[in-house]
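In my numbering, the protein residues as written are 3 to 141. We treat Cβ as the ideally placed atom computed from N, Cα and C, and that holds for glycine.
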Amino acid sequence: NTLIAKGYDLYPVVTEENEAVEDLNVYVQQQYGALAAKLRTAMEEQQLYTNPQLSAEYVVELLQTNHTYFSQMMSSEWGMSFSEYLNKLRLAHVEKLLADESLTIAAAATQSGFSDASYMSRKFKAKYGKTPSEWRKSR
């Protein structure tokens, strides 16, 4: 490198740049954590996932962020997309509701935010290895 040959020491510049990048990464991770906590509160405490019309766009607006940042946070914090997270919450809710034998599977799907009971059944089987009715019978 010609700068090194001329006697310039680049180590302090590179080190300062690396430290700045690391500081920025720490800051971004803290911001992701705060955003994830807000999302968790909204989704779980307010049960937003039970709304079949819920969209990532609505949540992005609710959290006052942008879609790109939101998607990066989902991936970084939870290793999944918003739709995967949404289905995870909905399926957990379906599982709880299926314990009530008087509730139909379609009603459990609707009350959990699924607008389509067959879609819910496919997702349920993929996650639990059984259809909702098989799961209910095996309890």
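Local conformation of residue i per DSSP, three classes
i    : result
G1   : Within the shown structure, residues of the chain are numbered from 3 to 141, placing residue 1 beyond reach of any answer.
A108 : helix
N3   : Annotation note: pLDDT 49 at N3 (below 50); position unreliable, coordinate value reported separately. Three-state result, N3: coil.
A101 : coil
G115 : coil
K125 : helix
R141 : coil
For residue j and residue i, believed in contact at Cβ under 8 Å, the rounded distance
i    : j    : result
K127 : L93  : Rounded, the Cβ-Cβ distance is 10 Å, inconsistent with contact.
L100 : A110 : 6 Å
H95  : S114 : 4 Å
Y161 : L91  : With the chain running from 3 to 141 in the structure shown, residue 161 is simply not present.
Environment of residue i [buried if 16+ CB atoms lie within 10 Å]
i    : result
M122 : buried
G35  : exposed
N3   : Summary for N3: the model assigns pLDDT 49, below 50, so the residue's position carries little reliability; its value from the coordinates is reported in the next sentence. With fewer than 16 Cβ atoms within 10 Å of its Cβ, N3 is classed as exposed.
T70  : exposed
N89  : buried
T106 : exposed
Y60  : exposed
P54  : exposed
Problem set entry | Segments assigned beta strand (DSSP E), at least 3 residues, entirely inside the segment 45–94 | Restricting attention to beta strand (DSSP E) runs no shorter than 3 residues, the segment 45–94 encloses none.
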